[in-house]
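To start, the structure under review is shown below, and the notes come after it.
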Amino acid sequence: MRTRIDGLTAAESCLFLTNAAGVILRHWVGDDALMARLAKLDIEPGFLVSETTLGTTSGSTLITATPTFVRGPEHFGMQFLEFTSAGMVITHPVTQRIVGSINLISRFRDTSPLAVPWVCDIATEVERCLLDAATTAEQGLMRAFVNERRDARHAVVAVNEKTVVANAAATRMLGSVDQAVLWEYAARVLSDPGAADQPAALGGPRPVVIDHHTVVSDGSVIGVVLKLKRAEVRNTEGPAIVELPGMVGHSERWTALLNQLARTHASPGVLLVGERGVGKSAIARACCTTSYREIDAAASAADPQWVTNIAAPALNAPDHSTVIIHHLDQLAPAMVTSLCDALTHRPAPSRVFATSATWPHRDHATDPALVTFPTVISVPPLSERSADLPVLVAHFTAEAGADREPVQWMPDALRALARVDWSDNIAGLKRLVTQIVSETGYSYISAKELPTHLAAITSRRRLVGLERAEATAIVDAIKTAGGNKHQAAAKLGIARSTLYRKMRSLGIDMDDAVL
Numbered sequence: 000m001r002t003r004i005d006g007l008t009a010a011e012s013c014l015f016l017t018n019a020a021g022v023i024l025r026h027w028v029g030d031d032a033l034m035a036r037l038a039k040l041d042i043e044p045g046f047l048v049s050e051t052t053l054g055t056t057s058g059s060t061l062i063t064a065t066p067t068f069v070r071g072p073e074h075f076g077m078q079f080l081e082f083t084s085a086g087m088v089i090t091h092p093v094t095q096r097i098v099g100s101i102n103l104i105s106r107f108r109d110t111s112p113l114a115v116p117w118v119c120d121i122a123t124e125v126e127r128c129l130l131d132a133a134t135t136a137e138q139g140l141m142r143a144f145v146n147e148r149r150d151a152r153h154a155v156v157a158v159n160e161k162t163v164v165a166n167a168a169a170t171r172m173l174g175s176v177d178q179a180v181l182w183e184y185a186a187r188v189l190s191d192p193g194a195a196d197q198p199a200a201l202g203g204p205r206p207v208v209i210d211h212h213t214v215v216s217d218g219s220v221i222g223v224v225l226k227l228k229r230a231e232v233r234n235t236e237g238p239a240i241v242e243l244p245g246m247v248g249h250s251e252r253w254t255a256l257l258n259q260l261a262r263t264h265a266s267p268g269v270l271l272v273g274e275r276g277v278g279k280s281a282i283a284r285a286c287c288t289t290s291y292r293e294i295d296a297a298a299s300a301a302d303p304q305w306v307t308n309i310a311a312p313a314l315n316a317p318d319h320s321t322v323i324i325h326h327l328d329q330l331a332p333a334m335v336t337s338l339c340d341a342l343t344h345r346p347a348p349s350r351v352f353a354t355s356a357t358w359p360h361r362d363h364a365t366d367p368a369l370v371t372f373p374t375v376i377s378v379p380p381l382s383e384r385s386a387d388l389p390v391l392v393a394h395f396t397a398e399a400g401a402d403r404e405p406v407q408w409m410p411d412a413l414r415a416l417a418r419v420d421w422s423d424n425i426a427g428l429k430r431l432v433t434q435i436v437s438e439t440g441y442s443y444i445s446a447k448e449l450p451t452h453l454a455a456i457t458s459r460r461r462l463v464g465l466e467r468a469e470a471t472a473i474v475d476a477i478k479t480a481g482g483n484k485h486q487a488a489a490k491l492g493i494a495r496s497t498l499y500r501k502m503r504s505l506g507i508d509m510d511d512a513v514l
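For what it's worth, numbering that gives the first Met the number 0 labels the leading residue of the sequence shown as 0, then goes sequentially.
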């Protein structure tokens, strides 16, 4: 390799290496005048040379996955008419994924038919080096995988940062969305072995329980082997789990909620307590098997006679329909006793559901809410239903895309959504999914289709305050510049080297940032 680089001086050429996105990682130039000329054309580390940015160049090899040879006028951009470029992709020998490309640029007058075999030879050498470097870790991971999969009936998956190997049983068990959650779980184990000690479960009619152990070589964690099994269904006495129309989930917390609702089917008053956006109102509506009326206690702040004018007529309706009271916690304090009296003495044997963001004061035995609502159920936040994320996304996608071709979420997008701290819980997730599905024309949604603010908050480490604002500004500038780091840095008013340093410190992925 060193001999080839030394030969660039005699050939008056430039050799450069890119990643899979087409960003130049390193370059070697044998002629100072050529280096200066190429620098003006942004052919230097940090700049994007993919076909989507420059049109037809040697970078097109990342699209075709074949050797590319583009001479003078064959280039799409007029600025490259005086050059000839040759390129070849670099494929990882283990994963068989394209990881980058090697490219050679020379002046058009120096065009040589040997350029293509030359870059192909270099690509082969790089792939051989990747194989040598990966052999120890990959073989260690494969040995651990083989040891665990001796019984073909058991589902086994081996994962490291770039590789997933699964036996047939695991492949049959996992859907595409489950694979994304599984990868995210494995990533947590790899980054912090103690962070995933708690049992984890995937979605499905029966949850998939994950057991894991890390694979260590020379004192370093090189991967993780996951053993999957279907959770046992226990035969318990009591009512069956209720089904809530239009609502989905299979996680342990969601199943526990359904069990609670089933056991309270005869309760005259049910208070649903939970954070904003967890679905309290939707659950109340789904529990109504007959007609129902809805009233909002938040309106009591503007209506001193709210109990008399709104609540009492709904509770005393002759059709005995179920009543849903929203935002009970926002009821004007002076009206709490009046509403509870109206609930307690209503003549109709109708059920009442109420929603609240806060719990009643359990230390007060005379709390009107506890007296009026004998059943109080906690609705879990989305952070406690991580196993339900894939099915929730699929459900909201189907609702939003009913009039278009099916949409599939890619694993990287689901992994990004799993890292979000959803302050609006289910409502926030539904709002985002609906927006993306409605606005995009793609059949596949990757992390690059997510809004800018999510790209910042789902970086490799959790960002808060000023750091989050800074990351959002950086990602937004890169998007606006079409991936051109030089233009993004200029827009931000900082040097390109400063931009790279900030991206590394904030954990913004260089590849994912090229949008």
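By construction, the Cβ of each residue, glycine as well, lies at the ideal position given by its N, Cα and C atoms.
| Item | Value |
| --- | --- |
| Bridge partners - Ile104, DSSP secondary structure assignment | Cys13 and Ser84 |
| Assigned exposure category for Ala301 - 16 Cβ within 10 Å defines buried | exposed |
| C-beta atoms of Ala399 and Thr433 nearer than 7 Å | yes |
| Proximity winner among Ile444, Met502, Pro450 and Ser445, relative to Glu469 (alpha-carbon distances) | Met502 |
| Distance CB(Ser299)-CB(Ala331) smaller than 7 Å | yes |
| Alpha-carbon spacing of Thr374 relative to Ala476, whole angstroms | 52 Å |
| Whole alpha helix (DSSP H) elements within the region 391 to 477, 4-residue minimum | 410 to 417, 424 to 438 and 451 to 456 |
| Val277 - DSSP class collapsed to helix/strand/coil | coil |
| Whole-Å CB distance - Ala69 paired with Ile101, under 8 Å assumed | The question names Ala, yet the displayed sequence has Val at residue 69. Going by Cβ atoms, the distance from Val69 to Ile101 rounds to 15 Å, so no, they are not a contact pair. |
| Proximal residues to Cys119 (C-beta, below 7 Å), its chain only, five neighbours per side dropped | Pro66 and Met87 |
| Contact under 7 Å by Cβ, Leu103 with Ala85 | yes |
| Contacting residues, own chain, Cβ-Cβ under 6 Å from Glu147 (five flanking each side not counted) | Val155 and Val224 |
| Which listed residue (Ala311, Leu491 and Leu388) has its alpha carbon closest to that of Leu251 | In the sequence under discussion, the amino acid at residue 251 is Glu, which differs from the Leu named in the question. Minimum Cα distance to Glu251 is reached at Leu388. |
| Classification of Thr263 by the beta-carbon crowding that lies within 10 angstroms, buried from 16 upward | buried |
| Thr354 in three-state terms, based on DSSP | strand |
| For Val155, the residue or residues it bridges with in DSSP | Lys226 |
| The region 18 to 31 in contact with the region 43 to 50 per 3-pair CB rule at 8 Å | yes |
| Extent of the continuous beta strand (DSSP E) run through Ala165 | Val163 to Ala165 |
| Proximity below 7 Å, CB of Ile97 to CB of Gly278 | no |
| CA-to-CA distance, Thr254 to Ala446, given in whole angstroms | 30 Å |
| Cα-Cα separation, His211 to Ala165 | 14 Å |
| Any 3 or more C-beta pairs closer than 8 Å across the region 303 to 318 and the region 268 to 285 | no |
| Residue from Gly245, Ala356 and Ser320 with nearest C-alpha to Asp328 | Ala356 |
| Nearest neighbour of Phe75, chosen from Thr55, Thr497 and Thr63 [CA to CA] | Thr55 |
| His485: first and last residue of the uninterrupted beta strand (DSSP E) it sits in | Careful: His485 lies outside any beta strand (DSSP E), inside the alpha helix (DSSP H) at Lys484 to Leu491. |
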